[in-house]
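Step one of this worksheet: look at the structure below.
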Amino acid sequence: MAILLVDMDAFFASVEQAHHEHLRGRPVIVCGDPGRRGVVTAASYEARPFGVHAGMPVQEARRLCPHAEFVEGDPEKYVGQSLELLNLYLTFTPDVEPFSVDEAFVGFVNTDLEEAGRRAAAIQRAILERFALDASIGVGPNKLVAKMGAGVRKPRGLTVLDEAAFRDTFWPRDIQDLWGVGPRLAERMRSLGFKTVGDLARAPDPVLKGEFGIIGPQLREAAWGRDDTPLTPYHEGAEVKSMGHEVTLGEDSDEPVYLKGTLLRLADQVARRLRAEGYVGRTVVLKLRNHRFETCTRQKALAEHTCDHERIYATVRALFEASWKGGPVRLLGVSVASLEKREGAAQTELFERDDRRLRLTEAADRVRNKLGEASLVPLGSLTHRGGLRHVPFGAMSGRVLQKQKAREESPDG
Amino acid sequence: MFESLSDQVDVLTAYVDGRVEPLRFRWKGRVIRVRKVTGRWSRREGQTVLRYFAVEGQEGATYELCYDPRGSRWLLSRAWTSE
Numbered sequence: 001m002a003i004l005l006v007d008m009d010a011f012f013a014s015v016e017q018a019h020h021e022h023l024r025g026r027p028v029i030v031c032g033d034p035g036r037r038g039v040v041t042a043a044s045y046e047a048r049p050f051g052v053h054a055g056m057p058v059q060e061a062r063r064l065c066p067h068a069e070f071v072e073g074d075p076e077k078y079v080g081q082s083l084e085l086l087n088l089y090l091t092f093t094p095d096v097e098p099f100s101v102d103e104a105f106v107g108f109v110n111t112d113l114e115e116a117g118r119r120a121a122a123i124q125r126a127i128l129e130r131f132a133l134d135a136s137i138g139v140g141p142n143k144l145v146a147k148m149g150a151g152v153r154k155p156r157g158l159t160v161l162d163e164a165a166f167r168d169t170f171w172p173r174d175i176q177d178l179w180g181v182g183p184r185l186a187e188r189m190r191s192l193g194f195k196t197v198g199d200l201a202r203a204p205d206p207v208l209k210g211e212f213g214i215i216g217p218q219l220r221e222a223a224w225g226r227d228d229t230p231l232t233p234y235h236e237g238a239e240v241k242s243m244g245h246e247v248t249l250g251e252d253s254d255e256p257v258y259l260k261g262t263l264l265r266l267a268d269q270v271a272r273r274l275r276a277e278g279y280v281g282r283t284v285v286l287k288l289r290n291h292r293f294e295t296c297t298r299q300k301a302l303a304e305h306t307c308d309h310e311r312i313y314a315t316v317r318a319l320f321e322a323s324w325k326g327g328p329v330r331l332l333g334v335s336v337a338s339l340e341k342r343e344g345a346a347q348t349e350l351f352e353r354d355d356r357r358l359r360l361t362e363a364a365d366r367v368r369n370k371l372g373e374a375s376l377v378p379l380g381s382l383t384h385r386g387g388l389r390h391v392p393f394g395a396m397s398g399r400v401l402q403k404q405k406a407r408e409e410s411p412d413g
Numbered sequence: 414m415f416e417s418l419s420d421q422v423d424v425l426t427a428y429v430d431g432r433v434e435p436l437r438f439r440w441k442g443r444v445i446r447v448r449k450v451t452g453r454w455s456r457r458e459g460q461t462v463l464r465y466f467a468v469e470g471q472e473g474a475t476y477e478l479c480y481d482p483r484g485s486r487w488l489l490s491r492a493w494t495s496e
């Protein structure tokens, strides 16, 4: 099988440029409410030479590129566009796996790389003609080569690499350019003398196993451009590992009631997503960033799996109280990991035994399904409604939206 | 800059190939002719699916229209204004 990684160029900013012609060719910065604080979600290629990049505070972006157009992002617009793109890829092959909102793996069975390259060019043209959007595509014999290939030339790049070409391209590059090697791992690798991808490819087995355990030899395989991760087609769905929400506060806050109200709203949204997608989770994670941009994450494993917002909130609140030093907070996040499908999980959870509360939660979910997320919010977060505009209401994954769409379009629907 | 709005507008539409095409709309006493629909997406509020259209007016400005099936009304949700 030949695999493509289709990576939309500066996706959110490009969607805005496609929808609003006067923005084309101009620096566009997508963010939260431009009148408030927050971070840059996406920057168009015209904004990047000014040093603007995703994750940067909007205030800094405004200083670097004051003439840019600051556009309030619309996540649901981008998810909708992403689903349209997946439908386009499905006209080429059934083997399509979404990788993120702006990336997807596309597979062609019994196809050599040369032919896959031609099909990649056809996909690139179709995206441009239908949506006025640009994509960079990597083509390779596996996901790893395709993913790394997509980053070789951007924007509008098309890079076809076999394993030998992969080695020629990436062996001289910094170790952190290897997919799966983050800054901390790269630092450890460098301290062992593995500065480039090629250094890692030639590293002795005992050293890698001794230093990195089982992932050491796996990373060396990756350095050779080898990867046997299967492509999971979209319609089969991929297992979710965690679900979470985070929010940059309108302004730094050291007000405990406000911060806990925010955590409650976040916990509620995470629990709602877990229930909507049929999951329960056992590990609750708090993310806390202070005004100096120092970020800490704390987690706690529960005795039982849950999808109950009160349990998630109680846990995350305890983590918050243990780790917050009382200073101004910039960002809060709540996520739940160690997920299992709800029907497969042990039915030992308090929530499951508490029939009255379960029925109440299900009734509340039905109200929200019918009237929208803002129709019911947990007591304790209500007074912060105005300040919590950017806590995403029921931001469901593309797969859930797709299922909802399929239900609507079915004859029984 | 973009102006976020929630102004109710009258919209003249056509059905083309089974899809709604906004043709012109009335806003602040002006009739704006739609030169091109540049994007479509939808947003869910409970059971309601709001249909959005990014459109380019004849005069070159761009707008985002929203059809809300609750009450069959159209809203102008965002407009580009040159300040």
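Keeping their order, the protein sequence lines are chains V and X. The opening position of the first sequence corresponds to residue 1 in my numbering, with each subsequent residue numbered one higher. The opening position of the second sequence corresponds to residue 414 in my numbering, with each subsequent residue numbered one higher. We put the CB at the ideal spot given by N, CA and C, even for glycine.
Backbone CA spacing between residue i and residue j [nearest angstrom]
i, j, result
"V:His309", "V:Leu358", "11 Å"
"V:Ser375", "V:Arg368", "6 Å"
"V:Ala303", "V:Thr283", "9 Å"
"V:Arg125", "V:Asn110", "23 Å"
"V:Glu246", "V:Gln269", "10 Å"
"V:Ala116", "X:Val422", "48 Å"
"V:Val160", "V:Glu60", "37 Å"
"V:Ala363", "V:Gly281", "21 Å"
"V:Gly333", "V:Gly210", "35 Å"
"V:Gly394", "V:Thr91", "Unreliable positioning characterises V:Gly394 in this predicted model, as indicated by a pLDDT of 41, which lies under 50. The coordinate reading is nonetheless provided below. So the two alpha carbons sit approximately 30 Å from each other."
"V:Asp172", "V:Gly157", "What sits at residue 172 of chain V in the sequence shown is Pro, not Asp. In a straight line, the C-alpha of V:Pro172 is about 21 Å away from that of V:Gly157."
"X:Ala427", "V:Ile215", "59 Å"
"V:Val152", "V:Asp355", "55 Å"
"X:Lys441", "X:Gly484", "21 Å"
"V:Pro49", "X:Arg457", "37 Å"
"V:Arg37", "V:Val52", "16 Å"
"V:Ala298", "V:Leu331", "According to the sequence as given, residue 298 of chain V is Arg; it is not Ala. Their backbone Cα atoms lie some 14 Å apart in a straight line."
"V:Asp365", "X:Gly459", "10 Å"
"V:Cys414", "V:Arg342", "Lying outside 1 to 413, the shown extent of chain V, residue 414 of chain V is not represented and no answer is given."
Cβ neighbour criterion (16 or more within 10 Å) applied to residue i
i, result
"V:Met1", "exposed"
"V:His305", "buried"
"V:His67", "exposed"
"V:Ile3", "buried"
"V:Asn466", "It is not possible to answer for residue 466 of chain V, since the shown part of chain V is limited to 1 through 413."
"V:Val285", "buried"
"V:Arg389", "Because the pLDDT of V:Arg389 is 44, which lies under 50, any placement of that residue in the model is unreliable, and the number read from its coordinates should be weighed accordingly. That one is exposed."
"V:Tyr313", "buried"
"V:Gly386", "At V:Gly386 the pLDDT is 49, less than 50, meaning the model places this residue with poor confidence; the figure from the coordinates comes in the next sentence. The residue is exposed, with fewer than 16 neighbouring Cβ atoms inside 10 Å."
"V:Ala301", "exposed"
"V:Cys476", "A query on residue 476 of chain V cannot be resolved here, the shown segment of chain V reaching from 1 to 413 and no further."
"V:Arg265", "buried"
"V:Val391", "Residue confidence for V:Val391 is low, a pLDDT of 43 falling below 50, so the modelled location carries little weight; the figure read from the coordinates is stated next. Burial call: buried."
"X:Val444", "exposed"
"V:Arg311", "buried"
"V:Ala414", "A query on residue 414 of chain V cannot be resolved here, the shown segment of chain V reaching from 1 to 413 and no further."
"V:Pro206", "exposed"
"V:Asp168", "exposed"
"V:Leu379", "exposed"
"V:Ala122", "exposed"
"X:Ser417", "exposed"
Residue i CB to nearest heavy atom of the ligand MG below 8 Å
i, result
"V:Phe12", "The ligand MG is not part of this structure, which contains no ligands at all."
Neighbourhood of residue i by C-beta distance below 8 Å, restricted to the same chain and skipping five residues each side
i, result
"V:Phe432", "Here chain V has residues from 1 to 413 only, and residue 432 of chain V is not among them."
"X:Glu477", "Tyr465, Phe466, Ala467, Val468, Leu489, Ser490, Arg491, Ala492"
"V:Leu39", "Note on identity: in this sequence residue 39 of chain V is Val, with Leu being the wrong assignment. Closer than 8 Å at Cβ, skipping near neighbours: Cys31, Gly32, Ala54, Gly55, Met56, Pro57, Val58, Thr248."
"V:Pro217", "Asp205, Leu208, Lys209"
"X:Arg446", "Leu436, Arg437, Gly470, Gln471"
Proximal residues to residue i (C-beta, below 6 Å), its chain only, five neighbours per side dropped
i, result
"X:Val378", "Outside the shown range of chain X (414 to 496) lies residue 378 of chain X, about which nothing can therefore be said."
"X:Val433", "Thr426"
"X:Gly452", "Ala467"
"V:Lys370", "none"
Same chain, Cβ closer than 7 Å to residue i, neighbours up to 5 away in sequence not counted
i, result
"V:Pro328", "Asp252, Ser253, Asp254, Asn290, His291"
"V:Tyr78", "Phe11, Phe12, Val15, Val101"
"V:Ala267", "His309, Ile312, Tyr313, Val316, Val334"
With a threshold of 8 Å, are at least 3 pairs of Cβ atoms found where one atom belongs to the stretch 82 to 94 of chain V and the other to the stretch 215 to 222 of chain V? no
Taking 8 Å as the cut-off, does the stretch 316 to 326 of chain V touch the stretch 356 to 373 of chain V (at least 3 CB pairs, one atom from each stretch)? no
Please give me, in chain order, every unbroken run of the alpha helix (DSSP H) with length at least 4 that falls completely inside the stretch 417 to 477 of chain X. Runs found: none.
Kindly provide the ranges of any beta strand (DSSP E) runs that are 3 or more residues long and lie completely inside the stretch 124 to 149 of chain V, ordered along the chain. 135 to 140
When the Cβ atoms of the stretch 6 to 25 of chain V are set against those of the stretch 129 to 145 of chain V, are three or more pairs found closer than 8 Å? yes
To test your reading of the DSSP string, which unbroken beta strand (DSSP E) runs of 3 or more residues are found completely within the stretch 267 to 346 of chain V? 279 to 290, 295 to 306, 329 to 341
List in chain order: all unbroken alpha helix (DSSP H) runs of 4+ residues lying wholly within the stretch 159 to 208 of chain V. 163 to 170, 183 to 191, 197 to 201
So within the stretch 33 to 110 of chain V, which uninterrupted alpha helix (DSSP H) runs reach at least 4 residues, ignoring any that extend past its ends? 58 to 64, 75 to 90
Any alpha helix (DSSP H) of 4 or more consecutive residues that is wholly inside the stretch 215 to 263 of chain V: Within the stretch 215 to 263 of chain V, the runs of alpha helix (DSSP H) at least 4 residues long that lie entirely inside it are, in chain order, 215 to 223.
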